[in-house]
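Residue numbers (my numbering): 133 to 325. Taking it in order: structure first as structure tokens, then the write-up.
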Amino acid sequence: LRYGTFGQFDYRDDPFGPRNGGNYVLQYTRYEDRDLRLHDFNLLDIDLQQYVGLFNRSRVIALRAHTRMTDTRGGQTVPFYLQPMVGGSEDLRGFRPFRFSGQNSLTLNGEYRWAIFSGCDGAVFVDGGKVFSRRGQLNFRDLEGSAGFGLRFNARNRTFMRFDVGFSHEGFQIWFKFNDAFQQRPLGTADSQ
Numbered sequence: 133l134r135y136g137t138f139g140q141f142d143y144r145d146d147p148f149g150p151r152n153g154g155n156y157v158l159q160y161t162r163y164e165d166r167d168l169r170l171h172d173f174n175l176l177d178i179d180l181q182q183y184v185g186l187f188n189r190s191r192v193i194a195l196r197a198h199t200r201m202t203d204t205r206g207g208q209t210v211p212f213y214l215q216p217m218v219g220g221s222e223d224l225r226g227f228r229p230f231r232f233s234g235q236n237s238l239t240l241n242g243e244y245r246w247a248i249f250s251g252c253d254g255a256v257f258v259d260g261g262k263v264f265s266r267r268g269q270l271n272f273r274d275l276e277g278s279a280g281f282g283l284r285f286n287a288r289n290r291t292f293m294r295f296d297v298g299f300s301h302e303g304f305q306i307w308f309k310f311n312d313a314f315q316q317r318p319l320g321t322a323d324s325q
């Protein structure tokens with residue numbers, strides 16, 4: 133059984149291709165294992181996005197902070213497939229998908245985007261993130277890092293395809309995706325990879 137609540141404050145100029153503004157989402161979800169009674173837990177998901185338009189909004193600094201924190205009690209565990217994960221095309225783009233998993237996660241992303249020509253934007257980015265076992269470890273120490281560059285193909289200022297190359301100390305990853313880098317899942321649903 134899964135239920136929860138959420139709140140959102142969104143003042144982006146365009147939710148599908150933001151050039152200015154912010155979007156702040158807080159979502160709480162409760163999971164109850166009705167069969168085995170071994171996997172009851174709470175999930176708190178906080179996603180903060182800020183966009184700063186420069187030079188008549190033809191260039192954009194896009195920032196994102198995202199954390200997922202779980203809470204279990206009395207011998208309960210979070211199933212491995214529902215644990216917060218970091219790594220892949222949505223957060224640490226220099227690492228393979230699902231590279232890090234744990235009880236809690238933190239991801240920080242920054243992108244600088246500029247128009248190359250109509251329908252194509254360039255981007256350079258830096259990512260930082262980690263997983264950790266206790267909520268008290270929510271801090272900016274011991275972050276894994278990656279950086280890279282990419283292209284954003286858009287129509288009517290909406291990204292429909294992107295190409296990213298991310299580098300980390302473990303090598304590089306190439307991503308070809310049909311979504312925006314900071315795509316938000318529908319509110320009220322689970323935000324799993």
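Beta carbons are placed, not taken as given, at the ideal position from N, Cα and C, and that holds for glycine.
Secondary-structure assignment with DSSP links Glu243 through a beta bridge to Ala194 and Phe257. Just measuring C-alpha positions, the residue of Arg294, Gln140, Pro216 and Gln305 sitting nearest Asn174 is Pro216. Leaving aside the five residues that flank Gly298 on each side, the residues in its chain whose CB is nearer than 6 Å to its CB run, in chain order, Arg225, Gly226, Ser278, Gly280 and Gln305. If you look at Glu276, you'll find it in the beta strand (DSSP E) that goes Glu276 to Ala287.
Under DSSP, Gly298 takes part in a beta bridge, and its partners are Gly280 and Gln305. Residue environment for Asn155: buried (at least 16 other C-beta atoms within 10 angstroms of its C-beta).
Fully contained in the segment 186-232 is no alpha helix (DSSP H) run of length 4 or more.
Thr202 sits away from Val192, with the two beta carbons spaced by 8 Å or more.
According to the DSSP assignment, Asn155 belongs to the beta strand (DSSP E) that extends over Gly153 to Tyr163. Rounded to the nearest angstrom, the gap between the Cα atoms of Gly261 and Gly303 is 16 Å.
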